[in-house]
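For reference, the structure discussed in these notes is given below.
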Amino acid sequence: MNPLDRRRFLQLGAAGLVLTPTIPFLRNPIFRRALYAGSCDLLPSKKMLVIWQRGGNDGVNTIIPYGDSVYSDTTRPTLFIPEAQAIDLNGFCAMHPALAPLSEIRAAGDLAIFHRVGYGGQSRSHFSSQQYWETGEPGNLGNETGWVNNIISNDATLIGHPFPAASVSPQYQMLFQGPRVLSHISLLGEYTLGSDPEDVKLIGALPGMASGSGLLGIYSQPANPQLFNGAIKETGLAMASGLDHLV
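Here this note's numbering is used: the first residue of the sequence shown is 36, the next is one more, and so on.
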């Protein structure tokens with residue numbers, strides 16, 4: 036599974052929700068109630084899909100401001116999208132033609148577009164800005180806790196849930212880094228797990244039981260008071276719990 040780059044995104048469009056929010060917005064109780072509306076035995080029925088386009092995206096050519104006279108003359112003199120090819124939104128802005136699959140979702144009233152989202156005191160460093168977007172804390176390069184992990188770690192409805200979120204990417208994303216151990220799937224197409232004896236053996240059981248072995252057997256033992264042992268134990272138990280939930 037190749038990383039989803041900006042060019043591929045524009046070619047395919049998206050049939051989901053794309054967000055690049057900041058922490059204060061996500062902490063808003065109205066937003067959080069809407070996000071977690073609905074219920075089921077383990078997790079609310081509504082899910083949030085975040086597509087993080089590492090490297091950036093040409094926002095001006097994604098949601099195109101035709102109502103601004105400088106768009107084709109000054110801002111994008113050689114890269115502008117002809118107005119006849121774009122998908123009109125409100126007489127002022129239009130969508131890139133490759134986003135046509137979103138038109139049906141918008142017509143149903145299920146699409147909201149937030150254009151020109153940013154933060155004050157913009158950094159001139161591309162890499163610093165990426166980190167600020169992933170942590171939700173502009174200006175603090177010392178913070179490496181992602182806003183996704185931050186939300187899940189502080190949400191009472193998700194305490195103890197074995198599979199509250201998953202990172203799908205060749206590398207673990209900073210969005211998911213933090214005190215809560217979250218699952219990571221590097222190749223979604225190859226991520227399969229069935230309930231056969233080998234899988235049961237992998238997950239194992241708690242020590243003291245007849246089949247006490249596997250991940251649960253190993254990582255349920257008391258952690259040695261050495262550096263990182265506690266974190267290793269927590270990660271192993273989270274992995275076993277997540278696998279057990281998926282099976």
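Quick reminder that beta carbons are idealized off the backbone N, C-alpha and C, glycines included.
* Could you give the DSSP three-state label for residue 129: helix, strand or coil? => strand
* **For residue 103, the three-state DSSP class (helix, strand or coil)** => coil
* Asked: First and last residue of the alpha helix (DSSP H) that includes residue 201?
  -> Here residue 201 belongs to no alpha helix (DSSP H); instead the beta strand (DSSP E) covers 201-203.
* Selection from 113, 189, 123 that minimises the alpha carbon distance to residue 291 -> Only positions 36 to 282 of the chain appear in this structure, which leaves residue 291 out of reach.
* Asked: Based on the DSSP secondary-structure assignment, which residues constitute the bridge partners of residue 123?
  -> 129
* Asked: So is residue 150 buried or exposed if we call it buried at 16+ other beta carbons inside 10 Å?
  -> exposed
* Beta bridge counterpart(s) of residue 161 as assigned by DSSP -> Residue 161 is not bridged to any residue.
* **Straight-line gap, residue 288 to residue 100 (C-alpha atoms, nearest Å)** => In this structure the chain extends from 36 to 282, so residue 288 is not present and cannot be described.
* **Extent of the continuous alpha helix (DSSP H) to which residue 140 belongs** => 137-142
* Do you know how far the Cα of residue 170 is from the Cα of residue 163? -> 11 Å
* Asked: Under a three-way DSSP split, which group does residue 98 fall into?
  -> strand
* Asked: Taking buried to mean at least 16 other C-beta atoms within 10 Å of its own C-beta, is residue 114 buried or exposed?
  -> exposed
* Mind checking which residues open and close the beta strand (DSSP E) that includes residue 221? => Counting along the chain, residue 221 falls outside any beta strand (DSSP E), and DSSP gives it neither H nor E.
* Asked: Buried or exposed: which applies to residue 200, given that a residue is buried once 16 or more other Cβ atoms fall within 10 Å of its Cβ?
  -> buried
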